[in-house]
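Student: One structure coming up, written as structure tokens, with questions to follow.
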Amino acid sequence: MYPANVTTGSSQGVTDYAAFYPVMAEMERAIRKPLSLSPDPNLLIFDNGECPSGGDVTVMSAESAFLPILADYHTRFPRLRIVLEHLSTAAAVSAVAACGETVAASITSHHLSLIVDNWQNDVHCNCKPVAKLPSDRAALLGAAISGNPKFFFGSDSAPHPIAAKKGGDKIAAGVFTQPYTTQMVIDALENAVEWGILKDEDVTVERLKGFMGDFGRRFYKVENEPRGEIELRRGEDHIMDVLQNDDQSVQVVPFRRGEKTWGLSWVR
11 MYPANVTTGS SQGVTDYAAF YPVMAEMERA IRKPLSLSPD PNLLIFDNGE
61 CPSGGDVTVM SAESAFLPIL ADYHTRFPRL RIVLEHLSTA AAVSAVAACG
111 ETVAASITSH HLSLIVDNWQ NDVHCNCKPV AKLPSDRAAL LGAAISGNPK
161 FFFGSDSAPH PIAAKKGGDK IAAGVFTQPY TTQMVIDALE NAVEWGILKD
211 EDVTVERLKG FMGDFGRRFY KVENEPRGEI ELRRGEDHIM DVLQNDDQSV
261 QVVPFRRGEK TWGLSWVR
């Protein structure tokens with residue numbers, strides 16, 4: 011569910027969540043068994059959890075302003091599975107952790123790296139929800155490596171052409187992280203250890219596997235089939251400066267363009 015006017019393409023979004031409560035009630039009635047059991051209808055609500063700007067609400071407070079709405083309909087429909095997408099605040103981390111097992115959240119690779127100063131000076135770091143304070147980033151990093159299955163990876167990679175990022179009256183919100191998003195998570199965690207936000211012993215392979223795949227599949231009820239393994243090689247790749255079509259009429263600039271990152275390949 012996208013609230014109206016909070017991100018690119020949401021002009022016809024939701025203006026009143028209560029108007030959808032009858033729909034949520036029907037969704038919940040279709041769920042006959044607890045979360046851990048099957049075969050119930052695989053019904054979920056994905057929320058771009060922000061309130062539109064207005065009054066005292068700005069892009070910096072939009073996510074926090076939405077959290078009482080989340081709490082209200084989770085209380086009304088406690089068996090309805092809800093994913094709060096691409097968290098950007100410490101307040102949202104705490105709110106999701108406080109909810110029951112039917113509420114989870116995704117975290118992007120770029121929100122593990124960015125703060126407000128980055129997008130203020132670079133349109134290619136501008137996304138919705140906008141990156142917030144260093145303390146918010148620290149909370150996201152902690153959640154990502156906590157081992158709490160409520161928090162899992164979601165790329166929210168959004169490749170907008172340069173013309174949409176720099177031209178016109180309104181900048182397109184979105185950060186392009188493919189195909190480097192896995193490596194960017196590792197880079198962000200390494201930086202957090204270097205900065206003293208995380209401890210090296212907290213960043214384990216088991217917790218990374220949970221955050222990057224296992225927790226999300228479990229919440230979405232997607233069968234966990236073995237699909238091979240990846241090999242990461244430190245500093246063996248550089249993020250491209252620009253992705254473009256053959257005639258160069260469409261160009262997209264990736265997040266962290268030109269920077270060094272991990273090499274990644276499938277080994278089996």
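Numbering (my numbering), first residue to last: 11 to 278. Glycine residues also receive a C-beta, built at the ideal position from the N, C-alpha and C atoms. Fair warning: this is a prediction, and the values are worked out from it, not measured in the lab.
Using CA atoms only, rank isn't needed, just tell me which of SER156, TYR27, ALA40, ASN52 is closest to GLU233.
Tutor: One-based indexing of the sequence shown puts residue 233 at position 223. Out of SER156, TYR27, ALA40, ASN52, ASN52 has the C-alpha closest to the C-alpha of GLU233.
Student: So, with DSSP's three-state summary, where would you put PHE161?
Tutor: For the purposes of this step, residue 161 is taken as residue 151 along the sequence shown, with counting starting at 1. In this structure, PHE161 counts as strand in the three-state DSSP scheme.
Student: Taking ASP146 as the reference, give the member of VAL213, SER71, THR192 with the closest Cα.
Tutor: As a position in the sequence shown, residue 146 is number 136, starting the count at 1. Of the candidates VAL213, SER71, THR192, the one whose C-alpha sits nearest the C-alpha of ASP146 is SER71.
Student: Going straight from the alpha carbon of LEU90 to that of GLU38, what length do you get?
Tutor: For the purposes of this step, residue 90 is taken as residue 80 along the sequence shown, with counting starting at 1. For the purposes of this step, residue 38 is taken as residue 28 along the sequence shown, with counting starting at 1. If you take the alpha carbons of LEU90 and GLU38, they lie about 5 Å apart.
Student: Let me make sure I understand the geometry here. Which of GLY245, LEU80, LEU151 has the alpha-carbon closest to that of VAL297?
Tutor: Given a span of 11 to 278 for the chain in the structure shown, any question on residue 297 remains unanswerable.
Student: Helix or strand or just coil, what does DSSP make of ALA182?
Tutor: Sequence index remark: in the sequence shown, residue 182 carries index 172 (1-based). Residue state, collapsed to three classes: coil.
Student: Have a look at LEU204 and ALA148 and give me their C-alpha separation to the nearest angstrom.
Tutor: On the sequence shown, position 194 is the one that residue 204 refers to. On the sequence shown, position 138 is the one that residue 148 refers to. Here residue 204 turns out to be Glu, not Leu, going by the sequence shown. Computed Cα separation, rounded: 13 Å.
Student: Return the chain-ordered list of same chain residues with a C-beta closer than 8 Å to the C-beta of CYS135, the five sequence neighbours on each side being excluded.
Tutor: Reading the sequence shown from its first residue, position 125 is the one you call residue 135. Around CYS135: HIS120, LEU124, ASN128, TRP129, ALA141, VAL185, PHE265.
Student: From which residue to which residue does the beta strand (DSSP E) around ILE117 run?
Tutor: Indexing the sequence shown from 1 puts residue 117 at position 107. Start and end: 113–117.
Student: Quick check on this structure: which residue in PRO32, ILE155, ARG237 has the alpha carbon closest to the alpha carbon of THR118?
Tutor: Start at 1 with the first residue of the sequence shown, and residue 118 comes out as number 108. Comparing Cα-Cα distances from THR118 to each of PRO32, ILE155, ARG237, the minimum goes to ILE155.
Student: Going by alpha carbons, who is nearest to VAL252 out of GLY64, ASP224, GLY65, HIS170?
Tutor: Here residue 252 refers to the residue found at position 242 of the sequence shown. The residue with the shortest Cα to Cα distance from VAL252 is HIS170.
Student: Counting only the same chain and skipping the five closest in sequence on each side, list residues whose C-beta sits under 8 Å from that of MET194.
Tutor: If you number the sequence shown from 1, residue 194 lands on position 184. SER119, HIS120, LEU122, SER123, THR187, PHE265, ARG266, THR271.
Student: Using only the alpha-carbon positions, how far apart do SER275 and MET250 sit?
Tutor: What you label residue 275 is simply residue 265 of the sequence shown in a count that begins at 1. What you label residue 250 is simply residue 240 of the sequence shown in a count that begins at 1. Cα to Cα, the separation comes out at about 17 Å.
Student: Return the chain-ordered list of same chain residues with a C-beta closer than 6 Å to the C-beta of ALA115, the five sequence neighbours on each side being excluded.
Tutor: Taking the first residue of the sequence shown as position 1, residue 115 is located at position 105. Contacts found: LEU94, LEU97, VAL106, PHE161.
Student: From which residue to which residue does the alpha helix (DSSP H) around LEU151 run?
Tutor: As a first step, residue 151 must be located in the sequence shown, where it is residue number 141. It spans 144–154 - the alpha helix (DSSP H) in which LEU151 sits, taken as one unbroken run.
Student: Check this for me: beta carbons of LEU151 and LEU218, under 8 Å apart or not?
Tutor: Counting from 1 along the sequence shown, the entry for residue 151 is found at position 141. Counting from 1 along the sequence shown, the entry for residue 218 is found at position 208. Not closer than 8 Å, so no.
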